[in-house]
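This report concerns only the one structure given below.
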Amino acid sequence: MDKTLVAASGNKHDYYSFPPYWWPNPDTKDGLPYIRKDGQTNPDANSDATDKNRLVKMSNDVSTLALAWYFSHDDRYAQKAAEQLKTWFLDPKTRMTPNLQHAQAIPASIPDAVSALLIAARWLTSLTPSPCCNPPMR
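Written out as structure tokens, the structure is:
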């Protein structure tokens, strides 16, 4: 819950990210509507200001822990993976709302469902190899 940019809903639990090539409009006071600058990455899109980096880190960590558990059969790896998934999806203080209504959201524009599907794929790759999805670990 340390992000500095929040979804239009105002709820810090809503996953929020925006496309990297969209920038505040320099010709307006409020920066709206955002404008596309092909090939120029807005640093906020890849910063800790949104949830993108946290999702990538959590997904990579869970995948690595799942592999570590698979090869070692050391339950500490499975427990750590489960802890990370519980923190991201279940803990009332830190969980993300399980929707992607504000994924790849361009401020003051209509949501893009296709971009949200790309984010959903990242979530699914976090869950699929997770040892906490293995019946003995539930």
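Heads up, the sequence shown stops at 138 in the UniProt record's numbering, and the numbers go up one at a time, no gaps. A virtual CB, placed ideally from N, CA and C, is assigned to each residue, including glycine. Quick caveat, the model's predicted, so the values are computed rather than measured.
Any chain D beta carbon closer than 8 Å to residue i
i: D38; result: The structure shown contains no chain D, having only a single protein chain.
Neighbourhood of residue i by C-beta distance below 6 Å, restricted to the same chain and skipping five residues each side
i: Y77; result: L65, A68, W69
i: V114; result: Note that V114 has pLDDT 49, beneath the 50 cutoff, so the model's placement of it is unreliable and no number is given.
Residues near residue i by beta carbon distance below 7 Å, same chain, minus five either side
i: D27; result: none
Beta-carbon spacing of residue i, residue j below 8 Å
i: N42; j: I35; result: no
i: N46; j: P20; result: yes
i: A103; j: S17; result: yes
i: V56; j: Q84; result: no
i: W22; j: I106; result: yes
One or two residues paired with residue i in a DSSP bridge
i: R36; result: W22
Burial state of residue i, where buried means 16 or more other Cβ atoms lie within 10 Å
i: L32; result: exposed
i: A7; result: buried
i: S72; result: exposed
i: T4; result: exposed
Cutoff 8 Å; reference residue i; Cβ partners in own chain excluding five residues on either side
i: R95; result: H13, T87, W88, F89
i: D2; result: D48
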